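Number of protein chains: 2
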Amino acid sequence: MGIEKFTDVKPSEYLYNPEILTRLDFSRSPATFSPKISAAQPGEEWLKVRPLQRSDYDKGFLQLLGQLTSVGNVSKKQFDERFTQMKQSGGYYVTVIEDTRVGRLIGAATLTVEQKFIHNCSLRGRLEDVVVNDTYRGKQLGKLIVVTVSLLAQEVGCYKMSLDCKDKLIKFYETLGYKMEAGNSNAMNMRFEDPS
Amino acid sequence: MGIEKFTDVKPSEYLYNPEILTRLDFSRSPATFSPKISAAQPGEEWLKVRPLQRSDYDKGFLQLLGQLTSVGNVSKKQFDERFTQMKQSGGYYVTVIEDTRVGRLIGAATLTVEQKFIHNCSLRGRLEDVVVNDTYRGKQLGKLIVVTVSLLAQEVGCYKMSLDCKDKLIKFYETLGYKMEAGNSNAMNMRFEDPS
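Sequence order for the protein chains is V and D. The opening residue of the first sequence carries number 1 in the UniProt record's numbering; numbering runs sequentially from there. The opening residue of the second sequence carries number 1 in the UniProt record's numbering; numbering runs sequentially from there.
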């Protein structure tokens, strides 16, 4: 039993069931891909779109997020605990793109699913923390990862998917089907402390 | 055991620990109340600010939400299941105001807490589904319920609290400490189906 415990490490444990990504119908998205790619066929055979894995701490997941915003010094233990908490809570669909040639993550986006009472106890999706490594530009990977988690939101039953964005990204998101709704498109924040 | 099971109904079961509401320091909020009120002292002795309870299906919770948007026909079983799911997931702080004279809910707002990897595995709060019964206007209850869940976000460790709102509500939220951040205050949505 002691040995079993010791070897009961699941380096490839997924945050959510990867099978769901194979069911996404990219023809449902208003996004145009040229050439055509999808989560199942991301364009290069060495690219893989999949859920975050517990072992991704060692594949540069946090360094990738560091290209988006400050991450701080997150230890492997902290990462592990947050991964476990997200999995236990449910509703966290952190999705990544791996360059399998080098075993590094080069893109990521998160769908979070909020449970509601309104609209017949509906679910609302949110797009969070989108990042693609700069050196992989021109491969439609930003579009790919956002469309992937947007289709995922629909697949898991969300009635809508929301995002907050900077002015310069509005046009990009419009091409993917997101809309500024007239008179109702304001995102406001209150900050409590300086995150490190 | 059979009897125990049958009587093991918890009508006053809270969605989250009500004790946390007593710890909120209203002097930390930039909001001005005149006269001064707080979650602990909402101005009238027959008003009570507290977490959603499992028994609130029978206190008009869904009818109250119906003043905000479409709710649909949510059965007691559905309500119960969603309540259980929210409690199991954690991070759902549905907060209500009850008029204890009549045993009806007259105000509500929700804080949802999203777990992150960025900013040292931080937490991000969101304000959702704010509603106050029209017939209770002039009692600062809209302000009260929003400040309550905003202070709650800080209390549970969120680094920021976010909301989406209509144009006409921007000024109201600014008085409570929320800001439109220059170049980064756009809320966009993609809708998948007509919620009933």
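Here a beta-carbon is modelled for each residue, glycine too, at the ideal position from N, C-alpha and C. Since the structure is predicted, the reported quantities are computational estimates derived from the model, not experimental observations.
Cutoff 6 Å; reference residue i; Cβ partners in own chain excluding five residues on either side
| i | result |
| --- | --- |
| valine 132 of chain D | Gly107, Leu141 and Gly142 |
| threonine 69 of chain V | none |
| arginine 54 of chain V | Glu13 and Phe83 |
| tyrosine 136 of chain V | Ile106 |
| glycine 60 of chain V | Arg104 and Leu105 |
| phenylalanine 79 of chain D | Tyr57 |
| serine 89 of chain D | none |
Pick from the options that is closest to residue i, judged by C-alpha positions
| i | options | result |
| --- | --- | --- |
| threonine 95 of chain V | V/Glu174, V/Ile20 and V/Gly183 | V/Ile20 |
| lysine 139 of chain D | D/Arg28, D/Asn17, D/Ser29 and D/Phe33 | D/Phe33 |
| valine 49 of chain D | D/Val74, D/Tyr16, D/Phe79 and D/Glu81 | D/Tyr16 |
| phenylalanine 192 of chain V | D/Asn186, D/Ser185, D/Leu176 and D/Asp80 | D/Leu176 |
| tryptophan 46 of chain V | V/Gly103, V/Asn73, V/Tyr178 and V/Gln53 | V/Gly103 |
| valine 149 of chain V | V/Ser12, V/Tyr14 and V/Ser38 | V/Ser38 |
| glycine 43 of chain V | V/Cys158, V/Asn184 and V/Ile145 | V/Ile145 |
| asparagine 73 of chain D | V/Glu81, V/His119, V/Val156 and V/Tyr14 | V/His119 |
| alanine 187 of chain V | V/Gln78, V/Val71, V/Met86 and V/Lys166 | V/Lys166 |
| glutamate 155 of chain D | D/Gln53, D/Leu123 and D/Glu13 | D/Leu123 |
| methionine 180 of chain V | D/Ser185, D/Asn189, D/Met180 and D/Tyr178 | D/Asn189 |
| isoleucine 97 of chain D | D/Gln78, D/Asp80 and D/Val130 | D/Val130 |
| glycine 125 of chain V | V/Tyr136, V/Pro35 and V/Val147 | V/Val147 |
| serine 29 of chain D | D/Tyr173, D/Phe61 and D/Arg137 | D/Tyr173 |
| tyrosine 159 of chain D | V/Phe61, V/Val71, V/Ala31 and V/Ala40 | V/Val71 |
| cysteine 121 of chain D | V/Ala40, V/Tyr93 and V/Gln85 | V/Gln85 |
Status (buried if at least 16 other CB within 10 Å, exposed otherwise) for residue i
| i | result |
| --- | --- |
| threonine 22 of chain V | exposed |
| arginine 101 of chain V | exposed |
| aspartate 164 of chain V | buried |
| alanine 182 of chain V | exposed |
| residue 200 of chain D | Because chain D in this structure spans residues 1 to 196, residue 200 of chain D falls outside the shown range and cannot be described. |
| serine 196 of chain V | Bear in mind that the predicted position of serine 196 of chain V carries a pLDDT of just 47, short of 50, making it too unreliable to give a figure here. |
| alanine 153 of chain V | buried |
| glycine 157 of chain D | exposed |
| glutamate 128 of chain V | buried |
| lysine 36 of chain V | exposed |
| lysine 168 of chain V | exposed |
| serine 27 of chain D | exposed |
| serine 185 of chain V | buried |
| tyrosine 178 of chain D | buried |
Residues of its chain near residue i, where Cβ-Cβ distance is below 7 Å and the 5 sequence neighbours each way are ignored
| i | result |
| --- | --- |
| lysine 76 of chain D | Tyr57 |
| lysine 171 of chain D | none |
| aspartate 99 of chain D | Trp46, Leu47 and Ile106 |
| lysine 87 of chain D | Leu15 |
| methionine 1 of chain V | The predicted position of methionine 1 of chain V is uncertain, since its pLDDT is 39 and thus under 50; no value can be drawn from it. |
Own chain residues within Cβ distance below 8 Å of residue i, not counting five before or after
| i | result |
| --- | --- |
| residue 236 of chain D | What the structure shows of chain D is the stretch from 1 to 196, and residue 236 of chain D is not part of that stretch, so it cannot be assessed. |
| proline 18 of chain V | Arg50 and Pro51 |
| serine 162 of chain V | Arg124, Gly125, Arg126 and Leu127 |
| glutamate 81 of chain D | none |
| aspartate 134 of chain V | Gln67 |
9 Å Cβ cutoff, residue i in contact with chain A
| i | result |
| --- | --- |
| phenylalanine 61 of chain V | Protein chains V and D are contained in the structure displayed, whereas chain A is not. |
What are the residues in the stretch 162-187 of chain D lying within 7 Å of chain V by C-beta distance? Ser162, Leu163, Asp164, Cys165, Lys166, Asp167, Ile170, Tyr173, Gly177, Tyr178, Lys179, Met180, Glu181, Gly183, Asn184, Ser185, Asn186 and Ala187
Three or more beta-carbon pairs under 8 Å between the stretch 109-116 of chain D and the stretch 65-73 of chain D, yes or no? no
Chain D contacts made by the stretch 16-29 of chain V, where a contact means CB separation under 8 Å: none
Chain-ordered residues of the stretch 112-125 of chain V with a beta carbon less than 8 Å from chain D: Thr112, Glu114, Gln115, Lys116, Phe117, Ile118, His119, Asn120, Cys121 and Ser122
Under 9 Å, CB to CB, which of the residues in the stretch 84-98 of chain V have a partner in chain D? Gln85, Met86, Gln88, Ser89, Gly90, Gly91, Tyr92 and Val94
Residues in the stretch 135-159 of chain D with C-beta within 8 Å of chain V's C-beta atoms, listed in sequence order? Per Cβ criterion, the list reads Ser150, Ala153, Gln154, Cys158 and Tyr159.
What residues in the stretch 32-65 of chain V have a beta carbon less than 7 Å from any beta carbon of chain D? Leu62 and Leu65
Return the residues of the stretch 69-82 of chain D that lie within a Cβ-Cβ distance of less than 9 Å from chain V, sorted by chain order. Residues passing the 9 Å Cβ filter: Thr69, Ser70, Val71, Gly72, Asn73, Val74, Gln78, Phe79, Glu81 and Arg82.
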